[in-house]
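In this note's numbering, the protein residues as written are 27 to 200.
Built from N, CA and C at the ideal position, the CB exists for glycine as well.
Notes to accompany the following structure.
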């Protein structure tokens, strides 16, 4: 039977693999780094946005007082990545040590978030949602990822990140 928690964990595993690859690159691997970052964002952004729009609100609606803390932490971790880590990464040339450092921070941040989500939030969600409800959420997620709404949300997130990155990029002397 389908299960949204297994799908989300599988996507975490995909991101772990992509981060291992980008962290293994050298500063000379400009094209490879750019391609891997694009692949990371192509997996990360829809995943995070769907969690924020559907999964987290459904979780919060059923959560206990303690589980609401898990929810709040997850939301803040998403915000930190979106508002600070990704724009800083995009503000750095792919051949720079700043880029490598920012990728490392992003990968560690995502790893921490995924481990915590899998260990705590997903364990709680298994008790809060029936197997049928988790299967239905999985179907909704699959449909949403193929929708124009998901495409628009991903484009908006990328534009927002690029705009913030432009504001953070070092100014050329002159």
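Own chain residues within Cβ distance below 8 Å of residue i, not counting five before or after
i           : result
residue 80  : 163, 166, 167 and 170
residue 69  : 37, 40, 41 and 44
residue 148 : 31, 34 and 35
residue 54  : 121
residue 82  : 97, 100 and 101
residue 154 : 85, 88, 89 and 93
residue 176 : 72, 75, 76 and 170
Cβ-based neighbour list, residue i, same chain, cut-off 6 Å, excluding 5 preceding and 5 following
i          : result
residue 71 : 180 and 183
residue 74 : 104
Collapsed DSSP secondary structure at residue i in the structure displayed
i           : result
residue 51  : coil
residue 40  : helix
residue 29  : coil
residue 155 : coil
residue 90  : coil
residue 195 : coil
Residue i - containing alpha helix (DSSP H), residue span
i           : result
residue 120 : Where residue 120 is concerned, there is no enclosing alpha helix (DSSP H), given that its DSSP letter is neither H nor E.
residue 112 : 112-116
residue 173 : Neither: residue 173 is in no alpha helix (DSSP H) and is coded neither H nor E.
residue 67  : 56-76
Sequence-distant residues of the same chain with beta carbon closer than 7 Å to residue i, five excluded per side
i           : result
residue 58  : 51
residue 49  : 129, 130 and 133
residue 194 : 113, 114 and 117
residue 47  : 62
residue 146 : 96
residue 151 : 31 and 85
residue 124 : 118
*Examine the Cβ distances between the segment 129-144 and the segment 152-161 and report whether three or more of them are shorter than 8 Å.*
Touching, no.
*asked:* Tell me whether the segment 89-101 and the segment 51-70 touch, counting them as touching only if at least three CB pairs, one residue from each stretch, are closer than 8 Å.
replied: Result no; under three Cβ-Cβ pairs closer than 8 Å.
*Would you be able to state if there are at least three C-beta pairs under 8 Å between the segment 183-195 and the segment 104-118?*
Pairwise C-beta distances place the segment 104-118 in contact with the segment 183-195, as three or more of them are shorter than 8 Å.
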